[in-house]
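S.K.: Let me begin by handing over the structure; questions about it come next.
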Amino acid sequence: MRLIISIILIFSTLNSFSQVLDKPSEGKVLVYITRSNDLGGAMNFRVYDKDLFLGALPSRAYFKYECEPGEHLFWAASENRDFVEANLEANKTYVIDLRAKLGMFIAAVGVEPYSPDNKRHVKRVNKVLKKHISANIVDSRKTEEKVENIAKAMEAYERVKSRQANKIKKLLPNMNFKNTDSDE
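Here it is in structure tokens:
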């Protein structure tokens, strides 16, 4: 009986350890873009950093995007467009989740900045890192093909910002995720 309890305790403890997030290169920022829900599984959401096309993220996947610190406008497109204004600090790691939502004809996308202070967010990040695939999709060369879509999105962003600024989510410098290995 003690052996069974010991085995159960060992396996339950192994599952509770957090996954380690990668660190950015010195002076850079690392942003994890994740899809933690399964709704709209057949849809790939197109992801951008303002006017730079990053790639199309499939369901049950994530990718890492290394960028310069400072102001960024992350957005995703599907049937709709959703935006996050980000202020990112060097040598930090951040997480943005793309959430599929019911749309009129196809899945709509919601872009949600994650906070390490939100237990649900931390749990989702750990699940994504354990069970989802890491997709190497960042390919800025395809930006030229998306010029028209980017221009329309920037117009939509300006409209939303001027009329309903509270609908644009914020990713603040203090919303960085610390690595579980050696960050303080």
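In short: position in the sequence shown from 1, add 759, done, that's this note's numbering.
The beta-carbon is built from N, C-alpha and C at its ideal position, and this holds for glycine as well.
Does the separation of the CB atoms of asparagine 850 and glycine 829 fall below 9 Å?
M.R.: Not a contact, by the Cβ cut-off of 9 Å.
S.K.: Return the first residue and the last residue of the alpha helix (DSSP H) that valine 906 is part of.
M.R.: Where valine 906 is concerned, the enclosing alpha helix (DSSP H) stretches over 906–922.
S.K.: Can you grab the Cα-Cα spacing for the pair phenylalanine 936 / valine 790, in whole Å?
M.R.: Answer to the nearest angstrom: the Cα atoms are 10 Å apart.
S.K.: Could you pull the DSSP bridge partners for phenylalanine 936 from this structure?
M.R.: Per DSSP, Thr852.
S.K.: Tell me whether histidine 880 sits in a helix, a strand or coil according to DSSP, three-state version.
M.R.: Histidine 880 falls in the helix class under three-state DSSP.
S.K.: Below 6 Å CB to CB, which residues in the same chain sit around lysine 929 once its five sequence neighbours on both sides are set aside?
M.R.: Hits under 6 Å: Glu844.
S.K.: If you measure between the beta carbons of threonine 832 and aspartate 808, is that distance less than 9 Å?
M.R.: In the sequence as presented, threonine is not what sits at residue 832; that position holds leucine. It is a contact, given that the beta carbons lie within the stated cut-off.
S.K.: List the endpoints of the continuous beta strand (DSSP E) containing threonine 902.
M.R.: Taken as a continuous stretch (DSSP letters only), threonine 902 belongs to no beta strand (DSSP E), as it is neither H nor E.
S.K.: Could you compute how far the alpha carbon of arginine 858 sits from the alpha carbon of arginine 805?
M.R.: The alpha-carbon atoms of arginine 858 and arginine 805 are separated by roughly 12 Å.
S.K.: Strictly under 9 Å for the Cβ-Cβ distance: is alanine 820 near chain B by that measure?
M.R.: Absent here is chain B; the protein component of the structure consists of one chain.
S.K.: Under 8 Å by Cβ, that's how I've got alanine 867 and leucine 816 pegged, so tell me the actual separation to the nearest angstrom.
M.R.: Not confirmed; about 15 Å, so no contact.
S.K.: Look at the alpha carbon of arginine 794 and the alpha carbon of tryptophan 834, and state the distance between them as a whole number of angstroms.
M.R.: Roughly 14 Å separates the two Cα atoms.
S.K.: Count the other CB atoms, across all protein chains shown, that sit within 10 Å of the CB of valine 906; report buried if there are 16 or more and exposed otherwise.
M.R.: Label assigned to valine 906: exposed.
S.K.: Cα-Cα, which of Leu931, Met802, Ala924 is closest to asparagine 839?
M.R.: Of the candidates Leu931, Met802, Ala924, the one whose C-alpha sits nearest the C-alpha of asparagine 839 is Met802.
S.K.: Which of the three DSSP states is assigned to lysine 929 in this structure?
M.R.: The answer is strand: DSSP assigns lysine 929 an E or B state.
S.K.: For asparagine 846, does the three-state DSSP call read helix, strand or coil?
M.R.: Strand.
S.K.: Can you tell me the Cα-Cα spacing of asparagine 908 and lysine 878, whole angstroms?
M.R.: Taking the straight line from one Cα to the other gives about 35 Å.
S.K.: Could you check the C-alpha separation between threonine 852 and valine 788 for me, to the nearest Å?
M.R.: Approximately 6 Å between the Cα atoms of the pair.
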